[in-house]
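K.L.:
Number 63 in my numbering belongs to position 1 of the sequence shown; there are no gaps in the numbering.
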Amino acid sequence: MPLEAIRQKYGREKVKKRQLEHPLSELKQRQNAPPIESDRFRQLLRQELEKDKSRKSALHA
63 MPLEAIRQKY
73 GREKVKKRQL
83 EHPLSELKQR
93 QNAPPIESDR
103 FRQLLRQELE
113 KDKSRKSALH
123 A
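1. Could you tell me how far apart the beta carbons of residue 106 and residue 86 are, in whole angstroms, since I believe they sit closer than 8 Å?
2. Look up residue 64 in the DSSP assignment and say whether it is helix, strand or coil.
3. Does DSSP put residue 92 in a helix, in a strand, or in coil?
4. Taking 6 Å as the limit between beta carbons, can you name the residues of its chain near residue 71, skipping five residues before and five after?
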C-alpha cells in the first residue's frame, strides 16, 4: 500500500476515533449520571472493538 494511501486511511480512522470518543467522553464527564443501559454499553464496546480491528488491519495492510 502506498505511503499516501496509508496516511489518508490513518486520517480517516483518526476522525472516526474522535467521533466515537465524543459520546463516550460525555458520559464520563457527567457526574451523578444514572448507570448506562446494557444495550448502549454493548454498542460502545462494539464500536471500540471495531475501531481496534480497523487500526490493526490498517497497520498490516
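Glycine is no exception: its CB is placed at the ideal position from the N, C-alpha and C atoms. Remember, it's a predicted structure, so these values are computed and weren't measured experimentally.
P.N.:
On the basis of the supplied data:
1. Counting from one through the sequence shown, the residue named residue 106 turns up at place 44. Counting from one through the sequence shown, the residue named residue 86 turns up at place 24. Yes, residue 106 and residue 86 are in contact; Cβ-Cβ is about 6 Å, under 8 Å.
2. Taking the sequence shown and counting its residues from 1, one reaches residue 64 at position 2. In the structure shown, residue 64 sits in coil (DSSP, three-state: anything other than H, G, I, E or B).
3. For the purposes of this step, residue 92 is identified with residue 30 of the sequence shown, where counting begins at 1. Coil at residue 92, not helix or strand.
4. Taking the first residue of the sequence shown as position 1, residue 71 is located at position 9. Once the five neighbours on either side are set aside, the close Cβ partners of residue 71 are 120.
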